[in-house]
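Contents: one structure, followed by commentary.
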Amino acid sequence: MILGIMVVVALVIVLSMLGQRRHDQQKSQAKPVKGDELAIWPFEPMPIMTDTEVLFFAKLQKAVPEYHIFSQVQLSRIIAPSDDAGRDKNFWFNRICRQSVDYVLVDRDAQTTLLAIELDDWTHDSPARVKADEKKDKALASAGIPILRFHAERMPSVPIIRHDIEAVISKYSR
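Once you know that position 104 of the sequence shown is 104 in full-length UniProt numbering, the rest is easy, because the numbers rise by one and skip nothing.
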């Protein structure tokens with residue numbers, strides 16, 4: 001009787017291991033995804049910035065030529081979950097991975113992100129966008145990166161842009 005039970009248990013274990021092995025093999029084989037069979041995918045180039053953002057970018061370059069300026073930067077390229085996130089690093093990464101900032105000011109020597117800049121237009125007035133902007137601001141502030149917002153409708157002059165940037169950088173570099 002005991003021998004029979006041991007044989008059944010051993011058989012269950014062996015079958016379970018074989019089933020897991022087959023499952024692992026199936027899982028490791030890539031399943032085709034729609035479009036994989038196409039020689040050319042349906043994509044076309046698009047501009048990195050809107051016309052208004054291009055105009056502001058030119059003003060930014062004149063206002064602060066001593067810095068590198070990058071446009072349309074994903075938050076995940078300038079901030080990352082800290083060790084305080086523990087096992088929740090993926091959760092926190094997912095909170096920011098699809099967000100971007102219009103411009104990032106970087107120190108030429110140290111390659112340190114000094115400031116994030118947003119050019120807000122009328123689309124930032126919707127309640128959903130206000131909430132998204134608040135989350136973006138909070139994420140950047142948590143990482144110690146200030147954000148400066150300008151309004152596209154009131155396109156600032158080069159001297160005003162420089163003044164506002166210098167004020168923020170001097171405040172945060174203390």
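The beta carbon of each residue, even a glycine, is placed where N, CA and C say it ideally should be.
By the Cβ-count criterion, Leu105 is buried, with 16 or more other Cβ atoms from all chains shown falling within 10 Å of its own Cβ.
Arg149 sits in a strand when the DSSP states are folded into three classes. A buried status is given to Asp102, since no fewer than 16 other beta-carbon atoms sit within 10 Å of its beta-carbon. For the UniProt domain "DUF2726" (47–167), the full-length beta strand (DSSP E) segments reaching 3 residues or more read 67–74, 100–107, 113–120, 147–151 along the chain. Residue Ala139 holds the alpha-carbon nearest to the alpha-carbon of Ala85 among Gln99, Glu134, Ala139, Ser16. With a threshold of 16 other beta carbon atoms within 10 Å, Thr112 falls short and is exposed. Ranked by Cα distance from Asp120, the first of Ile78, Lys34, Thr50 is Thr50. In the displayed model, Val14 falls within a helix according to three-state DSSP.
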